[in-house]
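Note that this note's numbering numbers the sequence shown so that position 56 is 331, with each residue one more than the last. Here a beta-carbon is modelled for each residue, glycine too, at the ideal position from N, C-alpha and C. For reference, the structure discussed in these notes is given below.
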Amino acid sequence: MSSELPSTMRAGVLVAPRELEVREFNLPRPGPGQVLVRVRATALCTWEQRTFQGIQDIKTPFVGGHETSGVVAAVGEGVTSVKVDDRVTLGPVACDECYYCRRGFPSRCESYLGRFSLDGAWGPWGLADYKLVPARAAFRFAADLSFEEASLAEPISCVVHSVRAVQPELADDVVVIGAGPMGLLNLLVLKRRGARVIVCELDPARRQKAAELGADVVPDPDDGDFTAQVRGLTDGRGADAVVAAVGSAQVDALAFDMVGKTGKVVLFASAHPSPSLAVDHNRIHKDEIDVLGVESKSVQDFAIAVRLLSQRLIDVRPLIDRCVPLSELETAFELAIRPDTYRIVVTP
Ligand SMILES: [Zn+2]
Ligand SMILES: [Zn+2]
């Protein structure tokens, strides 16, 4: 245990859409098997952005923040995997006991551990000075990696989950639709996996970013529709896989249009409201197309994400726009929802 812990901490509480308050809470102490982490960086995911904007209903008061890294401040009884002062990033903790965990699908765990309530405020609690987690949520990372970069292990782990599901072969043609932060992380991991990555995006600034991050082809919409261009690049066959990193009926239709026979379509992003899929039944049947849903990650995906970052196999620095202190959380959210930002990181 560490002795110089304060008695209180701050947390950014969402009390209603677009209404945030930085409140004081009593600092929890780690129980057996738990670790108290002093938060150093929490990136604002699209999920928190939706809760802030009221696009996604959420029970309030809510403390968001699930892309978090920090320093171990105190450990509970029996913890041996990490010690005080270790730099850690926080991964998923599947329960290991529910139906899906026991069937080998921990990304669908029915009772993820590590979310909690303090004084009635519930959530993943990364937007605070400290966060209490089960010890197995804490993953150490390389000494030369910044806390901001390490906080992105969580979104990268979701991308790893997708790429491991797609299993692209070397030189496969993989299209990523959408060059927001998740589309660009897909690009980085798919490049590492040896695919030829084609990024389809309407916004010219985001297209430019995709090109800078190593996209093999970034079609210009002025040169014809994306499907025709993708078919042109693949001798008319269409892509081996299409990752729809934007959730909309239009993007779904585009993905099925440009995927080739035996190809895979990944629905990577959620859609609000959720549209029905309007796909030619026989296209999927006769062309043997796989449709994959990807939402979350397993502990293995997370461990791979930490290695990708720690060994600098992918560089996420170009995706980090700004660090904003917790005291200016509202500014952080206003910046995060702007279309010209990628990731805003809150640094208590
Ligand atoms: Zn996230
Ligand atoms: Zn479970």
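- Per the DSSP secondary-structure output, glutamate 372 pairs with nothing in a beta bridge.
- With a cut-off of 8 Å, the C-beta of proline 381 is classified as near ligand 2, since at least one heavy atom of the ligand falls inside that distance.
- Scanning Ala396, Val359, Gly379 and Val451 for the CA closest to the CA of alanine 410 turns up Val359.
- Closest option to asparagine 557, judged by alpha-carbon separation, among Ile452, Ala485, Ala480 and Phe531: Phe531.
- Placement of the Cβ of cysteine 320 at a distance of less than 8 Å from at least one heavy atom of ligand 1 is found.
- Between the C-alpha atoms of proline 430 and methionine 457 there is a straight-line separation of about 7 Å.
- Exposure of proline 614 is indicated by the presence of fewer than 16 other C-beta atoms within 10 angstroms of its C-beta.
- The region 452 to 466 and the region 506 to 521 touch, with no fewer than 3 CB-CB distances between them shorter than 8 Å.
- Considered as a whole, the region 387 to 428 harbours 422 to 426 as its complete alpha helix (DSSP H) runs of no fewer than 4 residues, in chain order.
- Following the DSSP letters along the chain, one finds phenylalanine 300 inside the beta strand (DSSP E) bounded by residues 294 to 301.
- Assignment of beta strand (DSSP E) within the region 447 to 504, counting only whole runs of 3 or more residues, yields 448 to 452 and 471 to 475 in chain order.
- Counting only residues of its own chain and dropping the five nearest sequence neighbours on each side, histidine 436 has a CB closer than 8 Å to the CB of Ser382, Val569, Ser571, Lys572, Ser573 and Asp576.
- Only residues of its own chain outside the window of five on either side were considered, and among them Arg315, Ala316 and Ser344 have a CB closer than 6 Å to the CB of phenylalanine 422, listed in chain order.
- Contact check between the region 386 to 406 and the region 304 to 314: three or more CB pairs, one atom from each, fall below 8 Å, which counts as touching.
- In this structure, DSSP gives serine 571 a state outside helix and strand, which the three-state scheme calls coil.
- Runs of beta strand (DSSP E) with 3 or more residues, each lying fully within the region 300 to 345, are found at 309 to 318, listed in chain order.
- Of the residues Asp394, Tyr617 and Val492, the one whose Cα lies closest to the Cα of asparagine 301 is Asp394.
- Using a 10 angstroms sphere on the CB of histidine 341, the tally of other CB atoms reaches 16 or more, which defines it as buried.
- For proline 367, the distance from the CB to the nearest heavy atom of ligand 1 is not below 8 Å.
- Non-local C-beta neighbours of valine 288 in its own chain, meaning closer than 6 Å and more than five positions away in sequence, comprise Glu296, Arg298, Pro336, Val338 and Ala396, ordered along the chain.
- If only complete runs of 4 or more residues are kept, the region 526 to 597 shows the alpha helix (DSSP H) at 556 to 561 and 574 to 585, in order along the chain.
- The region 447 to 455 makes contact with the region 471 to 480, as at least three CB pairs between them are under 8 Å.
- Not one heavy atom of ligand 2 falls within 8 Å of the beta-carbon of aspartate 576.
- DSSP places alanine 607 in no beta strand (DSSP E) but in the uninterrupted alpha helix (DSSP H) bounded by 604 to 611.
- Out of Gly329, Val368, Lys334 and Leu445, the CA that lies nearest to the CA of glycine 308 is found in Val368.
- In this structure, Thr326 is the residue among Ala486, Thr326 and Gly353 with its C-alpha nearest to the C-alpha of glutamate 294.
- A straight line joining the alpha-carbon of isoleucine 589 with that of valine 493 spans about 19 Å.
- In the three-state reduction of the DSSP assignment, leucine 508 falls in the helix class.
- Looking at the backbone, the Cα of arginine 471 and that of aspartate 448 are separated by about 5 Å.
- Between aspartate 565 and lysine 539 a beta carbon distance of about 4 Å is seen, short of the 8 Å cut, so the two are scored as contacting.
- Valine 581 is positioned such that its CB atom lies closer than 9 Å to that of phenylalanine 414.
- Rounded to whole angstroms, the gap between the alpha carbons of valine 541 and proline 550 is 15 Å.
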